[in-house]
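K.L.:
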Amino acid sequence: MLLALALAALAAAPPPIINGEDAAEADYPMTGGLIMKARYDLGNQGNYTLTTLDCSSTLIAPDVVIVAAHCLDPVILSQGTDGISDQEYGWSRQADLSKGDGSRMITSFPDDAVMATEWDFHQKWNAYGLGYGIAENFDIGIVFLEEAVLDVTPAV
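Sequential numbering of the sequence shown, starting at -12, is according to the working numbering.
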């Protein structure tokens, strides 16, 4: 009975809000999706190249995007196997990236994607040493884009 009530409450939940107000698509133009294409080596299950929505991210300079370190960490991305290679990243502000929500892989980068030239994460990031709450986890990464995005003001 409790499970049924919880599921009913989730189904009736209002859409997510930011700062107490409904957020319109144009309210945060500096946000986007980091899309990754990579080769996965799954051992005896084969090798696969997949393109998928990786994480949300924010433009902080015309050609720099900030993202969580776990979005760039090969160990995390390969679920601890270190079996990932040939990563390519693109940054998109396309409003609907639902094709990459896990139910269906993206077949290619969106038309508006700006490709990344380099990326890295904090040297103290350690997925195996994560603390709870407001612990210093150093879960921060940075992505450099090959082209400046000039039609939007970066976040401060």
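Each residue gets a CB set at the ideal place from its N, CA and C atoms; glycine is no exception. Being a predicted model, the structure only gives us computed values, none of them experimental.
Let's see if you can read the secondary structure: which residues bound the beta strand (DSSP E) around V101?
P.N.:
101 to 108
K.L.:
Would you say the region 49 to 58 touches the region 28 to 38, given that touching needs at least three Cβ pairs under 8 Å?
P.N.:
Put simply, the region 49 to 58 does not touch the region 28 to 38. Fewer than three CB pairs are less than 8 Å apart.
K.L.:
Where does Q74 fall in DSSP's three states?
P.N.:
strand
K.L.:
For V139, which residues of its own chain have a beta-carbon under 8 Å away from its beta-carbon, when the five flanking residues on both sides are left out?
P.N.:
P16, M17, L46, R80
K.L.:
Would you give the residue range spanned by the alpha helix (DSSP H) that V136 belongs to?
P.N.:
Element bounds for V136: n/a, residue is neither H nor E.
K.L.:
Rounded to whole angstroms, what is the Cα-Cα separation between G20 and T94?
P.N.:
15 Å
K.L.:
Starting from the N-terminal side, write out each stretch of the beta strand (DSSP E) that is 3 residues or longer and does not extend beyond the region 25 to 74.
P.N.:
34 to 48, 51 to 54, all fully within the region 25 to 74.
K.L.:
Counting only beta-carbon separations shorter than 8 Å, does F108 have a partner in chain C?
P.N.:
Among the protein chains of the structure shown there is no chain C, as only one such chain exists.
K.L.:
For E123, does the three-state DSSP call read helix, strand or coil?
P.N.:
coil
K.L.:
Distance, Cα to Cα, P97 vs S65?
P.N.:
23 Å
K.L.:
Can you round the beta-carbon distance between Y102 and E75 to whole angstroms, since I take them to be within the 8 Å contact cut?
P.N.:
It should be noted that the sequence gives Met, not Tyr, for residue 102. Going by Cβ atoms, the distance from M102 to E75 rounds to 7 Å, so yes, they are a contact pair.
K.L.:
Do you know offhand how far Y27's Cα is from I5's?
P.N.:
36 Å
K.L.:
Does the separation of the CB atoms of W106 and F125 fall below 8 Å?
P.N.:
no
K.L.:
Nearest to G77 by alpha carbon, out of D9, A11, P141, V136?
P.N.:
Ranking D9, A11, P141, V136 by Cα distance to G77 puts V136 first.
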